[in-house]
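Trainee:
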Amino acid sequence: MQPVAQMSGTPLHTHRPDASRTLLAGTCQVDLDLTRPVPPEVESIPLAAGLERAVPRRQMQFRAGRYCAMRALAALDPRFGRSPIDRATTGAPVWPEGVTGSITHTDDYASAAVAWTAHTVSLGIDTERVMSTPQAQDVGSLLASAAELRHCDAAGLSSLEAFTFVFSAKESVFKCLHPLVGRMFEFDDVRVFGVDAAAKAFHVRIVKDLSEAFPSGTLLEGRFAVDRGRVHTGISLGTPWQS
Ligand SMILES: CC(C)(COP(=O)(O)OP(=O)(O)OC[C@H]1O[C@@H](n2cnc3c(N)ncnc32)[C@H](O)[C@@H]1OP(=O)(O)O)[C@@H](O)C(=O)NCCC(=O)NCCS
54 MQPVAQMSGT PLHTHRPDAS RTLLAGTCQV DLDLTRPVPP EVESIPLAAG
104 LERAVPRRQM QFRAGRYCAM RALAALDPRF GRSPIDRATT GAPVWPEGVT
154 GSITHTDDYA SAAVAWTAHT VSLGIDTERV MSTPQAQDVG SLLASAAELR
204 HCDAAGLSSL EAFTFVFSAK ESVFKCLHPL VGRMFEFDDV RVFGVDAAAK
254 AFHVRIVKDL SEAFPSGTLL EGRFAVDRGR VHTGISLGTP WQS
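Heads up: the sequence shown is residues 54 to 296, going by this note's numbering.
Next comes the structure, spelled out in structure tokens:
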């Protein structure tokens, strides 16, 4: 069977210029079409060890994520070129020296964001398709507490968007913090609150000691968007002098 996928959509490069107008962050996102052949520039991206026997859908998601990451790195600094991005034993991408970043993908979407570590200690991004009612009934109560859902309700999110948003926000927190704390933590160890639809912002409180640098009580701020049946969330940890 032919591998099936196609990238479409315009890569988005956003940036936050400082006084010298240096590019501080790069992002790239693509829509995926599982019914079309994979473009050669994506097909040629090497798979991480262990993915050679994965199903084509998983291989395509990995390559699409890496494609976005390479585009985002090139937006940050063209000298990064098309160097492959390794995968650590934890599953986290291994970024070039001086860079941090994050990758996410669904069946029809992939995205990556990168930033210089001089300005951003760590990043976590996550995109999820809005859950179906059976999915929310199956797992919703494991992912989101009644209090978290009330914060989402106050921000005008539907019940399915709310379950998906809380899940995604916690996945973003995990991707941002896991490389720093070096240990697993659970959905219950993180509480989402202060969801502000107008500002597309939310807050997170860590409620368990994850490390010396991230004790219980640590507060983080994230951004979110609900768009075309998808929920996008992101957490970025600035360097101390910025926070
Ligand atoms: C790893 C995990 C976060 C991925 O999230 P997901 O929603 O299933 O999948 P996404 O497509 O959004 O993200 C997958 C990407 O995350 C990245 N990733 C995987 N492990 C990671 C880690 N430890 N740290 C940072 N990023 C990681 C990878 O780039 C991966 O894509 P790739 O394998 O193609 O390179 C999730 O599967 C997981 O294991 N979570 C742990 C439990 C948890 O979230 N607890 C909540 C704590 S609040």
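Cβ atoms here follow ideal geometry from the backbone N, Cα and C, with glycine treated the same way.
If you're wondering where the values come from, they're calculated on a predicted model, not measured in any experiment.
Considering only residues of the same chain and omitting the five flanking positions on each side of LEU104, which have a CB-CB separation below 8 Å?
Mentor: The answer, listed in chain order, is ARG111, GLN112, PHE115.
Trainee: Leaving out five residues on either side along the sequence, give the residues of the same chain with a beta carbon under 8 Å from the beta carbon of ASP139.
Mentor: Taken in chain order, the residues that qualify are ALA101, PRO146, VAL147.
Trainee: Along the chain, which unbroken stretches of the alpha helix (DSSP H) at least 4 residues long are found entirely within the region 83-151?
Mentor: Counting only runs of 4 or more, we get 93-96, 109-129.
Trainee: Should VAL284 be labelled buried (16 or more other beta-carbon atoms within 10 Å of its own) or exposed?
Mentor: By the 10 Å Cβ count, VAL284 comes out buried.
Trainee: Go ahead and pull the three-state DSSP assignment for ASP262.
Mentor: Coil, per DSSP.
Trainee: Tell whether a beta-carbon distance below 8 Å holds between THR153 and THR142.
Mentor: The answer is no: Cβ separation not under 8 Å.
Trainee: Just tell me which of THR271, LEU87, LEU129 has its CA closest to the CA of LEU290.
Mentor: With distances taken between Cα atoms, LEU290 lies closest to THR271.
Trainee: Thinking ALA117 and ALA163 are a contact (beta carbons under 8 Å), I'd like their distance in whole angstroms, please.
Mentor: ALA117 to ALA163, Cβ: 4 Å. Contact.
Trainee: Where do the N-terminal and C-terminal ends of the beta strand (DSSP E) with SER212 fall, by residue?
Mentor: Not the beta strand (DSSP E): SER212 falls in the alpha helix (DSSP H), residues 212-234.
Trainee: Could you give the distance in angstroms between the alpha-carbon of GLU96 and the alpha-carbon of SER155?
Mentor: Those two C-alpha atoms are separated by around 21 Å.
Trainee: If the criterion is Cβ atoms closer than 8 Å, does the pair LYS199 and PHE216 meet it?
Mentor: The question names Lys, but residue 199 is Ala in the sequence shown. Against a cut-off of 8 Å, the Cβ pair of PHE216 and ALA199 comes out as no contact.
Trainee: At the level of alpha carbons, what is the spacing between GLU224 and MET237?
Mentor: Spanning the two alpha carbons is a distance of roughly 12 Å.
Trainee: Whole angstroms are fine: how far does the CA of ARG244 sit from the CA of LYS261?
Mentor: Approximately 10 Å, taken between the alpha carbons.
Trainee: Let me know the secondary structure DSSP gives GLY287 once reduced to three states.
Mentor: If DSSP states are grouped into helix, strand and coil, GLY287 belongs with the strands.
Trainee: What residue range is occupied by the uninterrupted beta strand (DSSP E) comprising GLY247?
Mentor: GLY247 -> beta strand (DSSP E) spans 243-249.
Trainee: Round the Cβ separation of VAL248 and VAL226 to the nearest angstrom and send it over; I've been treating them as touching at under 8 Å.
Mentor: Between VAL226 and VAL248 the Cβ distance is about 14 Å, and since that is not below 8 Å, they are no contact.
Trainee: Can you tell me the Cα-Cα spacing of GLU265 and LEU233, whole angstroms?
Mentor: Rounded to whole angstroms, GLU265 to LEU233 spans 11 Å at the Cα level.
Trainee: Would you please verify whether the beta carbon of ARG140 is less than 8 Å from any beta carbon of chain D?
Mentor: This model lacks chain D altogether, as it is built from one protein chain only.
Trainee: Using the rule of at least 16 other Cβ atoms within 10 Å of the residue's Cβ for burial, across every protein chain shown, is GLY31 buried or exposed?
Mentor: Because the chain is modelled from 54 through 296, residue 31 falls outside the range shown and cannot be assessed.
Trainee: With respect to the beta strand (DSSP E) encompassing ALA278, which residues constitute its N-terminal and C-terminal limits?
Mentor: Segment 272-280, the beta strand (DSSP E) holding ALA278.
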